[in-house]
Amino acid sequence: RQQRQEPAEPVQPAAPDRSLEMQQRQAEAAELMRRMKTGANNFYWVAALSVVNSVILQFGRNTFFVVGLAGTLTVDFIFIGIAEAMPDAAFIIKIIGIVVSALVAGIFALFGFFANSGKRWAFLVGITFYVVDAVLMLVFQEWMGLVFHVIFLFGLFSGLNALNKLQKLAPPKPSSSSDFPQNIGTP
């Protein structure tokens, strides 16, 4: 004998778990922050290796790291040429060359600092300068340096992309104008 089954009550979908959603957003934000900082840290690497290159070049070696800046290499070779032309002041001139190269590299370290703080302009301006530096590598026909510039540019763009996504993920900040009453003087 068949029993008649009553239709089951429709199953209500579970209410979205706010805490789970919040955890997922926090995890996504943490991953984007990590990727942004990894990209921004490329500025530090470029700056540090450029200074190391300068010290190596100024004190008699003809080798350098290909990930350094072409701009600092140019400064180094100019000061090496001046030091060779003025052997009596060679040491002082080489030290001045290192200081000038360190100042140029320091600009890239500052881009790293501000990019790590989430400043979009630091990524954009730093990438622009690094593209110009890559063109110098091309002009100098320093092919390995150019390849590494492209690799580091990819890292910088990845950091910028992560920052852009992170800013879209963050809730919008209230504008200061919304704090001001809008209906003053209206009846």
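Letter by letter, the sequence shown follows residues 1432 to 1618 of the working numbering. Even glycine gets a Cβ: it sits at the ideal position worked out from N, Cα and C. Computed from a prediction, not measured in an experiment: that's the story for all the values here.
Figure out for me which residue from the options has the closest Cα to the Cα of residue i.
i     : options                       : result
A1471 : A1514, L1600, A1521 and L1594 : L1594
G1502 : A1601, E1452, F1585 and E1573 : E1573
M1568 : T1505, V1535 and R1456        : T1505
K1599 : R1456, E1452, L1451 and R1449 : R1456
H1580 : S1589, D1519 and V1477        : V1477
In whole angstroms, give me the CA-to-CA distance for residue i and residue j.
i     : j     : result
F1545 : L1555 : 11 Å
A1514 : A1565 : 27 Å
S1548 : T1469 : 12 Å
F1522 : V1570 : 29 Å
M1674 : F1583 : Since the displayed the chain opens at 1432 and closes at 1618, residue 1674 lies outside it and no answer follows.
G1528 : I1511 : 8 Å
I1538 : R1551 : 16 Å
F1585 : L1591 : 10 Å
D1448 : V1578 : 48 Å
I1487 : V1530 : 13 Å
Q1454 : F1560 : 38 Å
D1507 : A1520 : 16 Å
S1589 : V1482 : 25 Å
Count the other CB atoms within 10 Å of the CB of residue i; is the residue buried (16 or more) or exposed (fewer)?
i     : result
S1485 : buried
N1493 : exposed
I1558 : buried
S1532 : buried
A1601 : exposed
L1587 : buried
V1535 : buried
F1474 : buried
Once you ignore the five residues that flank residue i on each side, which residues in its own chain have a CB closer than 6 Å to its CB?
i     : result
A1458 : none
A1413 : Nothing can be reported for residue 1413, as the shown portion of the chain is limited to 1432 through 1618.
V1562 : none
If you follow the alpha helix (DSSP H) that residue i is in, where does it begin and where does it stop?
i     : result
T1559 : R1551 to V1570
E1452 : R1449 to Q1489
S1589 : W1574 to L1600
F1522 : A1521 to N1547
T1503 : A1501 to A1516
Can you list, in chain order, the residues of its chain whose CB lies under 8 Å from that of residue i, leaving out five sequence neighbours each side?
i     : result
L1480 : F1496, V1498 and G1499
K1525 : Q1489, F1490, F1510, I1511 and A1514
M1575 : V1497
L1451 : none
Counting only the same chain and skipping the five closest in sequence on each side, list residues whose C-beta sits under 7 Å from that of residue i.
i     : result
L1597 : A1460, L1463, M1464 and M1467
A1540 : F1474, Y1475 and A1478
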